[in-house]
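Just so you know, the protein sequences line up as chains A and B, in that order.
All residue numbers for the first sequence refer to my numbering, where the first residue is 1 and numbers rise by one.
All residue numbers for the second sequence refer to my numbering, where the first residue is 1001 and numbers rise by one.
C-beta atoms are modelled at their ideal positions from N, C-alpha and C, and glycine is treated no differently.
Comments concern the structure below.
Number of protein chains: 2
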Amino acid sequence: MDHAVNGPVNEAVKPFGPTSRSLPIALLRARETVLAPIREMLHASNISEQKWRVLRVVEEAGEMEQTAISLAACLKLPSLTRILRTMEAEKLISRKTDKQDRRRTLVQITEVGRMLIESHLNRNSRIFSRLESQYGRDKMDQLLDMLEELQQVRL
Amino acid sequence: MDHAVNGPVNEAVKPFGPTSRSLPIALLRARETVLAPIREMLHASNISEQKWRVLRVVEEAGEMEQTAISLAACLKLPSLTRILRTMEAEKLISRKTDKQDRRRTLVQITEVGRMLIESHLNRNSRIFSRLESQYGRDKMDQLLDMLEELQQVRL
DNA sequence: TATTGTTATACTCTATAACTATA
DNA sequence: TATAGTTATAGAGTATAACAATA
């Protein structure tokens, strides 16, 4: 299980072992597995994965400025600008200028947005129940703890 | 603490708790954290993240057909076709038709490709040492085990 | 007929930089 | 001057379907 941190390349040892021991690749593959049924669900409702992330984040945190959404939803600001524009047109979110600092825009989820989330609750729950039953609830909780901690590492 | 649950989010039935307990979002955020320094490294060499994945996968598995690469590197076949075309032009990989089944194309890494990987070994190692020292080596191994298992769940 | 891979199209996200408005 | 966000543009991945070659 050595990741061969040191040493010259002349060893016959693979630098990081198989790619399944490469953290970025492992995270990506795991995400693809988990996301497949969710993508299917969203696709049926014509919502992109990104819009869904924005909706979830904004629903959770309440009023939020765009830089914060960008960070939480892993979307660059220029992408977010475009996404929010269409989401606003679709009445999923609303925007207003911050009174205290008029450079900032505050974004909120609308009733329509909340209803969109609610309308997916059941299918979403079923997907995660299935995942939990296959993967194990305790392991799932443990994994979430470990990922949360990893997110906070500052490299 | 970035994603603390603040504000009145309607205590009734939080479907999955905060988004940091949402597996897809947690996986994405963790990946962004880990990938940031790697992206920087690759960017300096003008290699895309996707090309890098293909290179790593093909280096590891040896001769491979494209469907297998597509799966391992999480890239759709149409995207992979284009990527391999440019990687072949750059002499990073080589392609040949399978003798047994001439529908299949076999892809291999070239010496140039291998050298490209080798030239990033040191920086790559340093990045992961830093990560391990902050996150903990045991935890890292445990996380990789859990992710590997998650990849294999069939929903 | 099914499978492997390619092509084509339309859409979307990314990277980057220049720009506006505000602080 | 610095920050929040927008706009513009080029590059790249995705989804989908139609297609060619082979099995």
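Helix or strand or just coil, what does DSSP make of residue i?
i	result
S20 of chain A	helix
S94 of chain A	strand
V153 of chain A	coil
I25 of chain A	helix
H1120 of chain B	coil
L1144 of chain B	helix
S125 of chain A	helix
L1075 of chain B	coil
S45 of chain A	coil
G136 of chain A	coil
Q1050 of chain B	helix
V13 of chain A	Caution applies to V13 of chain A, whose pLDDT of 32 falls short of 50 and renders its modelled position unreliable; the model cannot decide the point.
List the DSSP bridge partners of residue i.
i	result
E1065 of chain B	B:L1106
Using the beta-carbon count (16 or more within 10 Å), is residue i buried or exposed?
i	result
G1113 of chain B	buried
M1146 of chain B	buried
R85 of chain A	exposed
A72 of chain A	buried
H120 of chain A	buried
M1064 of chain B	buried
R1082 of chain B	exposed
E1118 of chain B	exposed
A61 of chain A	buried
R53 of chain A	buried
M1115 of chain B	exposed
S1022 of chain B	buried
S70 of chain A	buried
K1051 of chain B	buried
A1012 of chain B	Unreliable placement is indicated for A1012 of chain B, whose pLDDT of 31 sits below 50; the coordinate value is still reported in the next sentence. Under this definition A1012 of chain B is an exposed residue.
N1010 of chain B	Note on N1010 of chain B: pLDDT 32, under 50, position unreliable in the model; the coordinate value appears next. Counting Cβ neighbours within 10 Å, N1010 of chain B comes out exposed, since fewer than 16 surround it.
Report yes if the CB atom of residue i is closer than 7 Å to the CB atom of residue j, and no otherwise.
i	j	result
I1109 of chain B	V1057 of chain B	no
S1020 of chain B	E32 of chain A	no
M1041 of chain B	R1123 of chain B	yes
Between the segment 1072-1089 of chain B and the segment 1024-1033 of chain B, are three or more C-beta pairs nearer than 8 Å? no
contact_flag[the segment 94-105 of chain A, the segment 39-48 of chain A] where n(CB pairs < 8 Å) is 3 or more: The segment 94-105 of chain A is not in contact with the segment 39-48 of chain A.
Would you say the segment 1036-1043 of chain B touches the segment 135-154 of chain A, given that touching needs at least three Cβ pairs under 8 Å? no
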